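Right, one structure below, let's go through it.
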Amino acid sequence: MDDKRGAITRRLAYALLTSGLLIWCLCVASPAHAQVTPPSEQETQAPPEAPEAPLPPPPKPVSIDFGWSWWNVDGNLAKFRQYATPPNGRFIRELRYISPFWRTGDNLRLQLWSPTEDDYRLESNLSFGFGTTRIEAWTTRNRFITPVPDILPTSERSVTESFFKQSLTPDFAVFVRYRQDGQNHYLESPRTPLLQNTRYWDAVAEGKLGNGQLSIGYTDWRYFDRTNTFPDTSMERWHARYLWEINPSLAVEGTFARMDLRQQNRPSSKMETLNLASDLMLGTATELALSFRQDKIALPVVQNATVQERRSTSALLIHRWSQWSLQVGVREREAERVRADRSFVDVPRWWTVEGRLWGRLSKQLRLTVRGWDERLNDPPAMLTADPRSLYWDNRRFAQVKLDGGTPAFNGYITYTYRRWANGARAVALNLNGITLGGTWTPRDDFSLFAEYSSEAWTARSEVTQSPTLDNFVPNSRVSTVGFNWNINSRATISASYTNFVTDNDNPLLLRDGNTEGRFFTANLSYRLPSDYEMTLTIAPWSYRDEVVSLMDYDTHLVLLSLSGRF
Amino acid sequence: MNVQKRWLCLSAVALALLAAVTVVAEKEQQKATPYPLSLFAKATPDDYMGEKDCAEAGCHYPHADNFNRSPHAPFVRNPKLPVDKQGCEACHGPANPHLEDPSKIFSYSQSKPADIAAMCLRCHADTMRLSQWHRTQHGKADVACTACHQIHWQPHKEPPARGLINLGSLRSPQTEKEPQPRRLLKFDDPILCSQCHQRQANEFRLNFHHPVPERRLECSECHEPHPSKAAQKRFRPIKEMCVSCHPDKAGPFTYEHDPVAGWSGEGCTECHRAHGSQNPKLLNAFSRGLCTQCHTDKSATHYPGRTCWMVGCHAAVHGSNSDALLRRP
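Chains as they are written, first to last, in the numbering used here: chain B, 1 to 566; chain D, 1001 to 1329.
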């Protein structure tokens, strides 16, 4: 009975808020409102003879954004908070200070998001001497939840990072970065929690040297597992790179990197990388890019099949006409793969041919066609119970995109095709995707947008007995519509509605397989005099899982905020 | 021919090609500096008139004033800089010839992307060089620096997010109403990136996605538009960049899940879709369908009613230090 009464109260409250929102819109848009337009707005209606449009007000150094929100969630709170936890109750969304940097050579910026919430972020930037010295630091914490029917502790991630740059000359600088990442991730049984930290720092000197660019750097990365499930790991890496610009038409770049990786109570691993790349302008409209990369890998810790060396070579030719451009390329990739029993080294080779054509069909219409085809030659032998190859022997990608339009209407349509095939096991996966959308702006103060995206998957394999592979590749559809309306110089309303649907055969009747989400979000902003702004957001969202209703939720989120600049 | 001989031949051919190209290139070097850098190469000190005149002459008052509010402004006000790197002329070229012939100035709205990059990289040599820009995906696709970066501050009245930012919009403003000093971007990513990469933006709307719409991640945390940018935000350990945030998947493990471990194949993207997916854990296929697309022999007979990694079976699919069948970490 109480639940029913609560539901009625919620609906009533929501209906009142929606009505209020509509009435407010009508009021601010009505001619009566236009008669009481504040003086500052009248100033914007400048006479035709005015030589220049009035400039926007100069930015003010301090801004604050605060407010109140109400989640009003009915159902699975964990699913609602899966990726982020929005504020609930009173909140400060943002505090910001920007020094008047356009007058001096020094700059300070401090920005604090959600200081009173579970999720927060503090960011600061400081620069001196017209940008020759730059210091940045930020720290953030994000709480999230693995959405399962069981109750799990809230997971958390905290990242702290700082960055320092000192220009030694106008073209040469030293960079130092430090980063600490802590994660407490609670997972559904039978998986145990992941409580882990990483610490990373690097120092790089980079800039112009001679007729080119030099980069020398050192990186140190350490991983600590507080549950002792994975071994603590440390990695050191050195790199040196030089780009030699022989002349404006030709450049050659070489990189050498060496990495040492150590794990607790295990043999050390090493990797050396050599990378050569060249860019040659064959005239004013044609360029040729060549690259070669070689990785020598020593992984004594690995007991099953592993790779001891891999190489990749590519050539890409680009030609530009006045309206069209064509790009064709070929790439060969190969790996020296040591079999699990260390008896033989296989060398599988992948050949990829790629192409891209783009240009204008007319002044308003642009076309892009691109694709690639990758084939595997000499697949390695498998020492598994079923010795047939586990590698994809053919992958294809093709995409056609048409976009353009007029200032009043512009749109796009993209068709995407992907295919993965393994001939040895008679497996083929196909994806046909289409994305189309557009924006219609009938007036300067009003625009409508709509987007639709659909993915259709098909799969076949040697297995014909149900469930087949095709039963496990669901289709999906996503649709979005919305508008932005600047009702007058002070009031703006925007709204969007997003719907996603997953069509899944789901033969095992698992959760997260057949889902539908409906998200309507409306924002009404009203700019008060003196740069204050008030925003009302209403977001009735619903999420449904057709198989496991414990995952469902409904929310009628209401958020009211006020921002000011001083 | 064995592998070593083959590579020796290839290397010899490559060296010969390089030598030939170098000889040709040396001849090319004698030619004049190409446009638009020739604007500066040909200029005399008298060709520079200073920033004040651009604004005070009344011709470019709004632009000059908007530029004053841009975070880019202080960097060209350093009096220690040479005259060709100061004020408006640092980016637009010497202005005195422009007084006589209005066309003699570098206009960013009417120039080719490669020319724009050449102008920007005159000063941003510690970001990358022009030849490196040519090798970027954006450079190859003729996307200019000014497609993403905003030099003259322009206020944006409408949020261009097209509904991408849903939950995140409740936590951070959709548009910057003031200059954004960070990176001089037109908008924050992912709003900026989604203007061209609409398909990827739609993938973020799927049921399972990286928390980009919620503003917990930015596109640039995984994608580096500037390939040689020093001290990159994300470090790539031996496998893919994914393990910088998911370090427990980095290994190397005693028993790797080859060929999807990242040594010879595509790595994480063999099984996962990075932006978003209709399947949990951003997988390419649902439940045991993911595994049986390769392990077809396990499809119908090997515990057909279960997901392979749940209920305690192959729980260590990313690699194991204790079990060759990846059942325990």
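Where is the CB? At the ideal position from N, CA and C, for every residue including glycine. The structure displayed is predicted, hence computed values, not measured ones.
So what does DSSP say about B:Gly423, is it helix, strand or coil? helix
Let me check understanding here. Comparing Cα to Cα, which of B:Leu282, B:Gly283, B:Gln294 lies closest to D:Trp1263? B:Gln294
Rounded straight-line distance, which links the Cα of D:Pro1329 to that of D:Ala1322: The residue asked about is misnamed: residue 1322 of chain D is Ser in this sequence, not Ala. Going from the Cα of D:Ser1322 to the Cα of D:Pro1329 covers about 6 Å.
Is D:Ala1354 helix, strand or coil when you go by DSSP? Examination of residue 1354 of chain D is not possible in this model, given that chain D is present from 1001 through 1329 alone.
Out of B:Arg121, B:Asn486, B:Thr154, B:Leu510, state which residue places its alpha-carbon closest to the alpha-carbon of B:Thr160. B:Arg121
Let me know if D:Phe1208 comes out buried or exposed under the rule of 16 or more other beta-carbons within 10 Å of its beta-carbon. buried
Assuming B:Arg339 and B:Leu383 make a contact with CB atoms under 8 Å, what is their CB distance in whole Å? 6 Å
In this structure, what does DSSP give as the bridge partners for B:Tyr178? B:Ser162, B:Trp201
With distances taken from CA atoms, which of B:Pro87, B:Pro507, B:Val62 is nearest B:Ser69? B:Pro87
Does the Cβ-Cβ distance between D:Gln1198 and B:Tyr412 come in under 8 Å? yes
Report the residue ranges of all beta strand (DSSP E) runs contained in full by the stretch 440–511 of chain B; include only those spanning at least 3 residues, in chain order. 446–460, 475–486, 491–503
Determine the chain B residues that contact D:Lys1140 at a beta-carbon separation under 7 Å, and present them in chain order. Ile318, Gln327
Who are the Cβ neighbours of B:Trp244 in its own chain at under 6 Å, not counting the five residues just before and after it? Gly212, Val252
D:Glu1100 lies in the alpha helix (DSSP H); which residues open and close that run? 1096–1100
C-alpha gap between B:Phe449 and B:Phe409, whole angstroms: 10 Å
Which parts of the stretch 353–392 of chain B are runs of the beta strand (DSSP E), unbroken and 3 residues or longer, counting only runs that do not cross its ends? 365–377
Would you report the Cα separation of B:Arg395 and B:Gly371, rounded to the nearest angstrom? 11 Å
Using 10 angstroms around the beta-carbon of B:Ile487, count the other beta-carbons present and answer buried if the total reaches 16, otherwise exposed. buried
Identify every residue that forms a DSSP beta bridge with B:Ala137. B:Ser124, B:Ser162
Rounded to whole angstroms, what is the Cα-Cα separation between B:Glu533 and B:Tyr526? 6 Å
Classify B:Ala277 as buried or exposed, calling it buried when 16 or more other Cβ atoms lie within 10 Å of its own Cβ. buried
Per DSSP, B:Thr416 forms a beta bridge with which residues? B:Gln399, B:Gly433
Are B:Glu206 and B:Phe163 close, meaning C-beta to C-beta below 8 Å? no
Comparing the C-beta of D:Glu1214 with each C-beta of chain B, is any distance below 8 Å? yes
Determine the burial state of B:Ile145: buried for a count of at least 16 other Cβ atoms within 10 Å of its Cβ, exposed for fewer. buried
Kindly identify the DSSP beta-bridge partner or partners of B:Gly517. B:Phe500, B:Tyr543
Listed in chain order, which residues of the stretch 1069–1094 of chain D have Cβ atoms closer than 9 Å to some Cβ of chain B? Arg1069, Ser1070, Pro1071, Ala1073, Pro1074, Phe1075, Val1076, Arg1077, Asn1078, Pro1079, Lys1080, Leu1081, Pro1082, Lys1085
If B:Val478 sits next to D:Arg1205, beta carbons under 8 Å apart, how far is it from one beta carbon to the other, in whole angstroms? 5 Å
Burial state of B:Ala240 (16 or more Cβ within 10 Å): exposed
Between the Cα of B:Val301 and the Cα atoms of D:Ser1320, D:Met1128, D:Phe1286, which residue gives the shortest distance? D:Ser1320
From the beta carbon of B:Gln213, is the nearest beta carbon of chain D less than 8 Å away? yes
Specify the secondary structure class of B:Phe230 as computed by DSSP and reduced to three states. coil
Whose Cβ in chain D lies nearer than 7 Å to the Cβ of B:Asp279? Ser1131, His1134, Arg1135
Find the nearest neighbour of B:Asp202 within the set B:Pro149, B:Trp221, B:Thr227, B:Tyr186, judged by alpha-carbon distance. B:Trp221
Mind pulling the chain B residues with CB within less than 8 Å of D:Val1311? Pro190
Can you list the beta strand (DSSP E) stretches of 3 or more residues lying completely in the stretch 255–333 of chain B, in chain order? 269–281, 286–298, 306–320
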